[in-house]
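What follows is one structure encoded as structure tokens, with my remarks underneath.
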Amino acid sequence: MSSRKRKNVANRKLAVSVHSYKGGTGKTSIASNLSVYLGQLGKRVLLVDMDFRAPSIQALFGVADDDVEAYINDYLFDKSEVKQVVIHPPKIDLPVDIILADSTPQSIDLITLKLLAEQWQMNALMKVSKLKGTALNELKYDYVIFDTSPGVAHSSVNAMVSSDKLLLLTRMDGPDLIGTEKLIKGFYRQLQPLDPHIVVNFAYPSAITKDEDKEKTRRTLEKRLKYPIVSIIPCLCDVMLSKLDSLFILKNPDHVYTKCIREISEVLF
Ligand SMILES: Nc1ncnc2c1ncn2[C@@H]1O[C@H](COP(=O)(O)OP(=O)(O)O)[C@@H](O)[C@H]1O
Ligand SMILES: [Mg+2]
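Each residue of the sequence shown is one higher than the last, beginning at 131 in the numbering used here.
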């Protein structure tokens with residue numbers, strides 16, 4: 131890495147959204163492991179759960195309910211300030227903090243109703259943008275990472291318009307690629323200059339067996355999706371079968387998944 135690039139690594143402050151057309155594409159896994167990886171580089175990271183319909187960060191970081199003073203729901207409902215919803219996960223010895231979304235069915239119901247109300251949305255958008263500003267400028271985080279709901283959920287739009295970078299995940303199967311293409315044409319183009327960086331997850335082994343296969347797959351998909359592909363992650367049973375409350379890269383520093391996370395992090399420096 132050149133000294134100029136290293137200087138940029140030291141100075142960059144960014145908000146990043148991790149998004150996809152469908153659920154189950156690996157957003158939460160990537161947002162969480164990427165946060166941990168940046169933390170391992172000494173970066174101060176705030177990971178925010180903006181998937182109000184299926185909050186998962188709490189489980190992944192193994193945080194007990196009793197350790198949560200307030201959720202992002204409380205912040206959006208004007209009951210808490212940004213600082214009150216920030217938690218340091220007790221099991222993580224890195225400069226990574228998290229803001230969790232409430233996963234009780236009542237809270238999911240309530241916020242899902244509110245997400246449909248335009249006036250509430252305007253206020254929520256303002257608050258998410260304020261959260262980003264407070265985190266990067268006042269609380270001195272280097273990165274804010276938003277884990278989002280799939281598709282064009284209002285909460286995801288709020289995260290994305292408050293972000294400097296977008297990581298768009300897609301699987302390689304037909305329906306997901308078709309949906310991703312439509313999302314790019316009908317939605318992401320309107321968010322310009324926020325161009326997505328694409329991550330292909332659950333890649334078929336046959337598409338990436340040899341380096342030349344992987345390059346061919348990359349070229350074909352880039353031609354189709356018209357944005358750069360920053361990583362092609364194979365379908366990995368190790369990741370699928372890892373314990374729920376474990377962050378994969380912590381226990382598997384030399385694994386191919388960890389290498390892919392490192393590859394993705396390159397676009398954030
Ligand atoms: N490359 C991969 N190979 C195999 N399983 C994966 C891979 N990436 C993620 N997973 C698994 O897929 C499931 C869904 O991932 P998750 O990150 O929760 O997706 P999302 O947040 O998009 O719904 C999880 O069980 C996760 O461990
Ligand atoms: Mg998720």
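For glycine and all other residues, C-beta sits at the position ideal for the given N, C-alpha and C.
- The DSSP-derived three-state label of residue 179 is strand.
- Remark: C-beta atoms of residue 360 and residue 329 approach each other more closely than 7 Å.
- Residue pairing by DSSP places residue 273 opposite 144, 175 in a beta bridge.
- Closest option to residue 353, judged by alpha-carbon separation, among 334, 307, 279, 180: 307.
- Residues with their Cβ less than 6 Å from any non-hydrogen atom of ligand 1, running along the chain, are 150, 153, 154, 155, 156, 157, 158, 159, 186, 331, 332, 363, 365, 366, 369, 370.
- Within the chosen limit of 6 Å, ligand 2 does not reach the beta carbon of residue 375 with any heavy atom.
- Ranked by Cα distance from residue 355, the first of 270, 208, 316 is 316.
- Inter-residue distance for residue 344 and residue 338 is about 4 Å (C-alpha atoms, whole angstroms).
- In terms of Cα proximity to residue 189, the closest of 203, 213, 233 is 233.
- Shortest Cα-Cα distance from residue 251 to any of 267, 277, 231, 289 involves 289.
- Contact between residue 327 and residue 297 holds: their C-beta atoms lie close to 6 Å from each other, under 8 Å.
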